[in-house]
Structures are given as structure tokens and as C-alpha cells.
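Here the structure is laid out as C-alpha cells; the discussion comes afterwards.
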Amino acid sequence: MLYRENGQFKSTYASDQQMLPILQDRIFMAGLLLFAFVAVPMLASDYLFLSLLIPFLILALAAIGLNLLVGYCGQISIGHAAFMSVGAYAAYNLALRVPQLNFLVVLVLAGLIAAAVGILFGIPSLRIKGLYLAVATLAAQFFTDWLFARVKWFTNYSSSGSVSTAPIEMFGWKIDTPAEKYLFVLGVLVGLTLVARNLVRSHIGRAWMAMRDMDVAAEVIGIRPVYAKLTAFAVSSFYVGVAGALWGFIYLGAWEPLAFNLTLSLNLLFMIIIGGMGSLLGSYFGAAFIVALPILLDQVPNLLGVSMSTATASHLASMIFGGLIVFFLIVEPHGLARLWAVGKEKLRLWPFPH
Amino acid sequence: MKKNWPVLLLGAVLLIGLVLPLVTGAAPGGFYVEVLLGGLMSGVLYSLVAIGFALIFKASGVFNFAQGSMVLFAALAVARMAEAMPLWLAIVLGTVIMIALAWVIERLVLRPLVNQEGVALLMATLGVTYFLDGFGQTLWGSDIYKIDLGIAKEPVMVLDKVFKGGILVNKEDFVAAFVAALLVAGLVLFFQKTATGRALRAVADDHQAAQSIGIPLNRIWMIVWSVAGFVALVAGVIWGSQLGVQFSLSQVALKALPVVILGGFTSIAGAIFGGLIIGVGEKMAEVFLGPVLVKAFDLAGGGLENWFAYVLALLFLLVRPEGLFGERNIDRV
């Protein structure tokens, strides 16, 4: 009964175009942001930050990036961790070779470099689509894996091929405690989510969605496929590149070759499928699910009170993971975001069902 | 002829790549032929996995990412069972297991997901991949196992009259190639000459039309998955006998993906030719192009094999989006 929009009239164009047109939504969002920015840093433990919250936030950003491409523009990519690695290595080299650059500038530049690479690997999408494209994007994955493992310049000639990053400092603020890292990542994520939210309801986002729904028809009504598809690849790779730079600098700190491998790519895809394609909220849900699930599965043997070898445990976890994915796809093919929407609709009608 | 120019172009480029090492004298003739044969051999094995992909995609429109895991699962099953019984019995039992597996997948995964988008089905097979990888290794163990086909492994020296030093050839390779050819011939006969094969082709052509003339879709899908399971078993036994049965076997599927897109998803001939092209191409690239690149750019080792197939397939798709033998897509609004 609390969640009603009746009585909230829109009398200006500005209020008609609000992002959250319902007052209760705005209150909820303000509360959520307050909670995330103020309460969580005070309450959470370091373990929670480092193993759950920070990976969740960074992967949510990457999932948003992938969702812009797959969910909004309909171009499937199985190789998106490639652009994460491009972002990470670009940021590493920028920070290493131009130390006076502000980290925010490094992030943006890393994103732009990833976007350029994304456009390059997006060019095939102009000719091929669907599953052919999906497999073709794997080329990006394997090529970057090889490139960063073999070309010594990218890793600054380190003998093992692994790189480690310098601590981040900007505007005199040293980001080193888990809580500070969390706040920084959260800030980036909220900012970029806002941009994405506005992008998808602008003419660019509408062009993407038209392209997704039927590309030939979209072309007929005057949307340029080259422009629409390549912007989607560029924006998506930008987001994923920034996420990759954050993943490298803030979550990993130091990483080996193949840190951004196919498994990560597949996990990103799982996130948007489980969370919901074509939904920014779904990207958050999916990231939370994929980050939390392995941690929960690790606890399963302990909970059951059975002792087993780590190999067996990891095989079991893999089985449960696979089974859950299939289960989720069967029960709710439109993802967790769909469940959320259904719940919201129910709440709006409650207590009268009609 | 004009229509085929991308194919001609690809052929020309590959041919130049093939001939160049010989012409420039980078490789002695014998060594060159060895590399060529090695490439053809791994090409045959890629083709075997790719055929499994193509079969399932043709009949049910599912892009089966789990094919590689099925190869691993089958190979593990045969390897472990062969420890307790003769090999032929293990292979027969393995076939039964793969058919049962096909039935379970069809029942539990595909049937509830009928009419979903292609990407959801792809994700479901990814789920199956994770499950099978875990299940296979829990059930059969995760060490490295051997499959002994009972063929001498010593390389044989042949043609030492023609080339200086002769060519080292594995007898097993020839047996494997022969088995693969036999399998393909059997599949072609099955598809072209039997009633079930006709039904399979009808389903591949048009699901709804096939259903409306009384072809039971579910049974057809089960048959296709069983056949794909059997192909996976053959591939698994051959690969396993050469490399040992271990987890990395399931990664072979990743090599078979560019093969299927190069050849065209729906074409068995495409899978075979694509496999051979990619097998030879990547071996040649690794052996002859690799050292050149390493020297030129000061790389930390070659490893071109890891991406060459994909980049080749990608470039090829740019000029011919439907692959070598795929059906041309005509878009209608």
C-alpha cells in the first residue's frame, strides 16, 4: 500500500523525463546510496571488502559493459575478458611510463584504449551475426591472451610475465585501506551506471535496441548499422576496460599472464544471463550471484560435515555451478531482473490483486 | 566464378603460406612434409570434434559448447573401464553411457528450454560443460590416464629414398585417420540412406514442417545427441590414446569452434575441410611463422597455435560470413 504512484502528477517536461519517476523509488535509491557510501564502510570487515564487495562492484561494472553490447545491442561476445585485459595492461603501462598522470586520467585513457580495440574486434559484427559472431569474438580472447603473455614490452620485460602495480594516489588521497578502495570503486561504478542509464534511453540506446530487435528493419527506418554496432562495441569495451583496470589495480594488485582468461569471459556472460539481459539492475544481480556463489560453494563440504579432498570439492563445486546455471535458465530465462520486476508489480497491486 | 572469389582468395593465401617455407628454403623437404602430415593429423581430430558440433547445430539449432566436455567424459569413461575389461567392451559400454547421457541432457536441459533464444541455449550448454567436467572427474578420477589401442607407437621411417633423412611417421596416426574416415563415411551413409537419417535432415531443414508431417522432434533430438555422443567417444579415444586422457582434452573443443565457423555451422563437409585447413594452417604458422615473429618482435616464445585458428576464421568470415559450406542467410523483414 506504501508503493503507489497515484497522486504523483507530472506537470513539467523535466519531471516527465526523470530517471526515477516514482517518489518511493527515489527515496529507496537515496537510502540505498546512503547505505552503500556511509553505512557499509563503517560496518563491513576487511574480509568482506576484499573478497566480496570489491570484486562484486568491479564485476558489476564489467557486466554493465557487456550488457550494453549483448543485452541492448544484441551482439553476443564470448571474449569480453579480452577488453578487461586490454584495460588492465593499458592502465599498467600508462601508470608505469607516465607516473605523473592522475589515476582517474589513467582509468579514462585505459577505457579509451580498450574502446579502440573493441571497435577493431567489432568490425566483423558488420558482416556476421548471432552465434558466428559469438565464436568470432573468441579471437579477441585468445589473441590478447597470447599478446600480453608473449610481447615483453607490455609486461615491462618482467621475467615471469607477471606485473604488479604501484599504490594508487590521487589529489593527495592514498587509496590503500580496503574501505577506501571500496569507496573509490563504488564512486566509479555509480558514476558510470548513471551514464549508462542515460545512454540507453537516449537516441544511441534506442538505435542499439532497434538493432537488437531486428537489424534489417532498423536499417530501413534510418539507423546506420555501422554506427550503432560500433558505438555499442566502443562503449561496451570502454566500460569493460575501466573495469579491467580497476580489477588489476584495486582487486588483484599484481597479476600473472592469463589472469583475464576465457573463464572470466564466460563468468561475465553468466552474470548478464542470470541477472537479466538488457537490464542494468540485472547486471548488479548477476555479478552478486556469480561472486557469492563460489564462496558459498566452498562452504558446502564444511556445512555437510564431510571432509573431502580439495580436488573433489572443486569438482563438486563445478557440478553444482553448472547445474544451477541450467536450473536458473529453465526456471527464469529472463533473469533475476525479471523476478524483481514481477515483485515490484505485485507490490504495486498489493493488497488488491486486480 | 565471381561469386566464389573469397574462397579463391583464401585458397590463394593459404597456398602461398603453404609453399613459401619450401621456396625460401626455410625447411628441408622431409621436415616440411612431416609438419604437413602432423597438421593434417590434428586437423582430422579437430574435424571429429567439429562434426559433433555441426550435427547438433543442424538438427536442433543448439550451439553445443559441451562437445569438448563430452569428449573428455567419454575418454575418461573408456580409459577407466578399460582397466577392468577388454578395450572393445569398454568402448561398447562407453557408447551406452554416452547414449544415456544424451537422453538425460535432452530430457532435463533441452526440452524445458524449447523455443528459447540461441544465446540462452548456448548458456545452458555452458552449464552442462561445467557439470560434465566436474561430474566426469568426480566419477572417474582426475589423474592422467592412458588408452592403449594396441598399436605400436614407434615412429616409422618412410620415404627415405625421396628425402634426405626420411620422414618420421606414427603408425597410430594413420589408424586414427582411417578410423575418422570410416566414421565420416558411416555418418554420410546414415544420413543419406536410412529413414532416420532422412528424418534428421528434415528436422534440420525446418523444425515445424518436420513436426507437421509427423516426425517426433524429441526422439530425433535424442538420436542426434546420441550420435554426437558417439562421435565424441571416437574423438576422445583417438585423442586420448595420443595425448593421454586428462582435463586438457576438453579444451580441444575450443579449437574445434573456429573449425565449425570456418566450415559453416551446418555442414559436415565444412567441418572436415575446415578441420584440415586449420590443422595444417596452425602447425605451419607455429613452426615456420612463429620463429620469424619471435625474432622480429622479440617475443617470449611462439605459441601462435593458440590464436591462429581464430584469427584465420575471423578474417575468412569477413569476406564470406556464412563460412565455407554454410547456407547463405537471406534476411527478410
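Chains as they are written, first to last, in the numbering used here: chain P, 1207 to 1560; chain E, 3 to 335.
Glycine included, each C-beta is placed from N, C-alpha and C at the ideal position.
In whole angstroms, give me the CA-to-CA distance for residue i and residue j.
i                 : j                 : result
Leu202 (chain E)  : Lys60 (chain E)   : 9 angstroms
Ala182 (chain E)  : Ser49 (chain E)   : 9 angstroms
Ser1364 (chain P) : Ala1460 (chain P) : 12 angstroms
Ala230 (chain E)  : Ile53 (chain E)   : 8 angstroms
Phe1243 (chain P) : Leu1395 (chain P) : 12 angstroms
Asp1351 (chain P) : Leu317 (chain E)  : 19 angstroms
Met72 (chain E)   : Pro1247 (chain P) : 46 angstroms
Ile58 (chain E)   : Ile240 (chain E)  : 21 angstroms
Met3 (chain E)    : Val186 (chain E)  : Confidence in Met3 (chain E) is poor, its pLDDT being 43 and thus under 50, which makes the residue's placement too unreliable to answer from.
Val1448 (chain P) : Leu1315 (chain P) : 9 angstroms
Phe310 (chain E)  : Tyr1295 (chain P) : 22 angstroms
Arg1544 (chain P) : Gln118 (chain E)  : 16 angstroms
Ile101 (chain E)  : Gly138 (chain E)  : 15 angstroms
Asp175 (chain E)  : Val236 (chain E)  : 14 angstroms
Ser1485 (chain P) : Ile1228 (chain P) : 18 angstroms
Leu47 (chain E)   : Trp1414 (chain P) : 40 angstroms
Leu219 (chain E)  : Ile225 (chain E)  : 10 angstroms
Tyr1278 (chain P) : Val1406 (chain P) : 8 angstroms
Ala86 (chain E)   : Gly277 (chain E)  : 34 angstroms
Leu74 (chain E)   : Ala56 (chain E)   : 18 angstroms
Met1477 (chain P) : Ile1531 (chain P) : 10 angstroms
Leu319 (chain E)  : Ala1340 (chain P) : 12 angstroms
Ser1221 (chain P) : Tyr1209 (chain P) : 19 angstroms
Ile107 (chain E)  : Leu16 (chain E)   : 39 angstroms
Val233 (chain E)  : Gln210 (chain E)  : 27 angstroms
Val246 (chain E)  : Gly41 (chain E)   : It should be pointed out that residue 246 (chain E) corresponds to Gly in this sequence rather than to Val. Distance between the alpha carbons of Gly246 (chain E) and Gly41 (chain E) is about 19 angstroms.
What do you get for residue i, buried or exposed, if any count of 16 or more other CB atoms within 10 angstroms of its CB means buried?
i                 : result
Leu1436 (chain P) : buried
Thr1343 (chain P) : buried
Asn1308 (chain P) : exposed
Met1235 (chain P) : exposed
Met1420 (chain P) : exposed
Phe1377 (chain P) : exposed
Asn388 (chain E)  : Residue 388 (chain E) cannot be examined here, being either before or after the span of chain E that is shown, 3 to 335.
Phe1455 (chain P) : buried
Asn1273 (chain P) : buried
Pro1384 (chain P) : buried
Gly1450 (chain P) : buried
Asp1252 (chain P) : exposed
Pro1261 (chain P) : buried
Gln1214 (chain P) : exposed
Gln1561 (chain P) : Absent from the model: residue 1561 (chain P). The displayed extent of chain P is 1207 to 1560, so no value can be given.
Ile1501 (chain P) : exposed
Val130 (chain E)  : buried
Have a look at the options and flag the residue whose alpha-carbon is nearest the alpha-carbon of residue i.
i                 : options                                    : result
Asn1467 (chain P) : P:Leu1318, P:Leu1208, P:Ala1355, P:Tyr1209 : P:Ala1355
Ala14 (chain E)   : E:Pro323, E:Ser44, E:Gly283                : E:Gly283
Gly1324 (chain P) : P:Pro1539, P:Met1290, P:Ala1250            : P:Met1290
Val1401 (chain P) : P:Ile1270, P:Ile1429, P:Leu1545, P:Ala1220 : P:Ile1270
Ile93 (chain E)   : E:Ile101, E:Glu85, E:Val80                 : E:Val80
Leu1275 (chain P) : P:Phe1327, P:Ser1217, P:Pro1500            : P:Phe1327
Arg1398 (chain P) : P:Val1432, P:Pro1539, P:Ala1266            : Note that residue 1398 (chain P) corresponds to Leu in the displayed sequence, not to Arg. Of P:Val1432, P:Pro1539, P:Ala1266, the residue nearest in Cα terms is P:Ala1266.
Phe133 (chain E)  : P:Arg1554, P:His1540, P:Gly1528, P:Glu1538 : P:Gly1528
Ile279 (chain E)  : E:Ile215, E:Leu326, E:Leu295               : E:Leu326
Gly1481 (chain P) : P:Ala1493, P:Ile1381, P:Val1341, P:Glu1211 : P:Ala1493
Val1537 (chain P) : E:Pro114, E:Val294, E:Leu47, E:Gly19       : E:Pro114
Ala206 (chain E)  : E:Ala258, E:Ser62, E:Ala122                : E:Ser62
Ala287 (chain E)  : E:Ala273, E:Val233, E:Arg221, E:Tyr312     : E:Tyr312
Trp142 (chain E)  : E:Gly120, E:Gly96, E:Val116, E:Val130      : E:Gly96
Val1357 (chain P) : E:Val296, E:Val190, E:Ala212               : E:Val296
Leu39 (chain E)   : E:Leu245, E:Leu11, E:Lys173, E:Ala204      : E:Lys173
Trp1359 (chain P) : P:Ile1233, P:Leu1389, P:Ser1408, P:Leu1302 : P:Leu1302
Leu1470 (chain P) : P:Ser1257, P:Gln1347, P:Ser1221, P:Val1341 : P:Gln1347
Tyr1298 (chain P) : P:Arg1412, P:Leu1452, P:Lys1552, P:Ala1268 : P:Leu1452
Gly1488 (chain P) : P:Ala1465, P:Ala1547, P:Leu1509            : P:Ala1547
Per DSSP, what are the beta-bridge partners of residue i in this structure?
i                 : result
Val1369 (chain P) : P:Trp1461
Val1426 (chain P) : DSSP, once it has assigned bridges, lists no residue as partnering Val1426 (chain P).
Gly1376 (chain P) : The question names Gly, but residue 1376 (chain P) is Met in the sequence shown. Bridge partners of Met1376 (chain P): P:Trp1379.
Tyr147 (chain E)  : E:Val247
Could you tell me whether any non-hydrogen atom of the ligand GDP is closer than 8 angstroms to the CB of residue i?
i                 : result
Leu1452 (chain P) : Looking for the ligand GDP in the displayed structure turns up nothing, as the structure carries no ligands at all.
For this session: Identify every run of the alpha helix (DSSP H) within the stretch 33–118 of chain E, keeping only runs that are complete inside it and at least 4 residues long; order them along the chain.
Result: Counting only runs that start and end inside the stretch 33–118 of chain E, the alpha helix (DSSP H) elements of at least 4 residues fall at 69–83, 89–107.
Exercise. Taking only runs of the alpha helix (DSSP H) that begin and end inside the stretch 1259–1333 of chain P, which ones reach a length of at least 4 residues, in chain order?
Worked result: 1260–1273, 1287–1303, 1309–1328
Exercise. Got a sec: which bits of the stretch 247–264 of chain E sit with their beta carbon under 8 angstroms from any beta carbon on chain C, in order along the chain?
Worked result: In the displayed structure, chain C is absent; the protein chains listed are P and E.
Exercise. Hey, which unbroken runs of the alpha helix (DSSP H) at 4 residues or more fall wholly within the stretch 1488–1542 of chain P?
Worked result: Segments of the alpha helix (DSSP H) lying fully in the stretch 1488–1542 of chain P: 1516–1537.
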